[in-house]
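Engineer:
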């Protein structure tokens, strides 16, 4: 079981949902390996804390891994030999990827570079993430999201939206084709409007992403 200190680090420093980790590690197929995975998480956290204590600062354009990344990747490689051929191996790799990103450049790196295919620790922003271009958004932002209709039916919306309908279309109907849960008849594009003050992050390049406080959503429609 993760210590209280480690749980606090995951929740407060990394903005990762503990529930997303606990529910995954509680799956029947992973129970035999839960101790290994939780020990790996604890090691990853100690590596990041030691790096921070040493005064490490991200070099911006540096392609060299940080000291914490080196320790995380080396430990994961060793543990991968133990978990080879098990269902725990891809979970370890997702954890390694998330903690390695955080070790490199904190929450900004983790959030903007997280993977979206397969299981991944769920990052939930609760405050503004900088740098961003929220100031360039209109006062009332029209947003779109490509997702499963179940999300709309339950009113349990994800934080990441886009200002471009064509980008939402790709997420609804293209990006996840081949995934076990993908059913094209259940895929939809959602639309909402929100004041930019409710945005936690924006990057109006690439996917034109805007991350919002979903608790402030007042109306969503399928378009």
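Residue numbers (the working numbering): 2 to 224.
Quick reminder that beta carbons are idealized off the backbone N, C-alpha and C, glycines included.
Here the structure is a predicted model, which means the values were calculated and not measured.
Buried or exposed: residue 148, going by 16 or more other Cβ atoms within 10 Å of its Cβ?
Structural biologist: buried
Engineer: Distance check for residue 108 and residue 38, CA to CA, integer angstroms please.
Structural biologist: Looking at the two C-alpha atoms, the distance is approximately 21 Å.
Engineer: So the candidates are 173, 93 and 29; which of them puts its Cα closest to the Cα of residue 74?
Structural biologist: 93
Engineer: Got a sec? Which residues, its chain only, sit under 7 Å from residue 88 by beta carbon, not counting five neighbours each side?
Structural biologist: 30 and 31
Engineer: By a C-beta neighbour count over all protein chains shown, 10 Å radius and 16 as the cutoff for buried, is residue 69 buried or exposed?
Structural biologist: By the neighbour-count rule (16 or more Cβ atoms within 10 Å), residue 69 is buried.
Engineer: In whole angstroms, give me the CA-to-CA distance for residue 144 and residue 176.
Structural biologist: 19 Å
Engineer: What separation, rounded to the nearest whole angstrom, lies between the Cα atoms of residue 130 and residue 2?
Structural biologist: 30 Å
Engineer: If you follow the alpha helix (DSSP H) that residue 79 is part of, which residue opens it and which one closes it?
Structural biologist: Residues 68-84.
Engineer: Going by DSSP, which residues form a beta bridge with residue 147?
Structural biologist: 190
Engineer: Would you call the segment 7-20 in contact with the segment 39-55, where contact means no fewer than 3 C-beta pairs closer than 8 Å?
Structural biologist: Yes, since at least three Cβ pairs between the segment 7-20 and the segment 39-55 fall closer than 8 Å, the two stretches touch.
Engineer: If you compare alpha carbons, which of 119, 86 and 72 is closest to residue 95?
Structural biologist: Here the closest residue by C-alpha is 119.
Engineer: From the DSSP output, in three-state form, read off residue 224 for me.
Structural biologist: coil
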